[in-house]
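Trainee: Sharing a structure here in structure tokens format.
In the numbering used here, the protein residues as written are 40 to 100.
Structure follows, in structure tokens:
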């Protein structure tokens with residue numbers, strides 16, 4: 040799953056989730072019309088909490 044983050048000055052919006060980065064990118068054009076010219080954006084891959092808290096050991100493979 041992917042999340043689109045748009046930051047415009049002090050305002051940050053998180054939009055999604057999307058099943059692919061392409062879907063987030065397609066939606067980005069429509070969403071940027073609501074923000075100023077200097078808005079910054081990123082597409083983030085969502086991680087499962089278990090992967091962040093207890094990452095798999097490289098020796099387990």
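Where is the CB? At the ideal position from N, CA and C, for every residue including glycine.
#1: Identify every run of the alpha helix (DSSP H) within the stretch 54-79, keeping only runs that are complete inside it and at least 4 residues long; order them along the chain.
#2: Would you mind working out which of 46, 63, 66, 55 sits nearest residue 76, comparing C-alpha positions?
#3: Judging by CA-CA distance, which residue of 70, 50, 61, 48 is the nearest neighbour of residue 83?
#4: Quick one: grab the DSSP three-state call for residue 87.
#5: By alpha-carbon positions, which one of 55, 66, 68 ends up nearest to residue 85?
#6: Give me the residue from 79, 66, 51 with the minimum Cα distance to residue 58.
Mentor: Considering the structure as presented:
#1: Counting only unbroken stretches of 4 or more residues, the alpha helix (DSSP H) elements lying wholly within the stretch 54-79 are 60-71, in sequence order.
#2: In terms of Cα proximity to residue 76, the closest of 46, 63, 66, 55 is 46.
#3: Comparing C-alpha distances from residue 83 to each of 70, 50, 61, 48 shows the shortest one belongs to 61.
#4: The answer is coil: DSSP assigns residue 87 none of H, G, I, E or B.
#5: Of the listed residues, the one whose Cα sits closest to residue 85 is 55.
#6: With distances taken between Cα atoms, residue 58 lies closest to 66.
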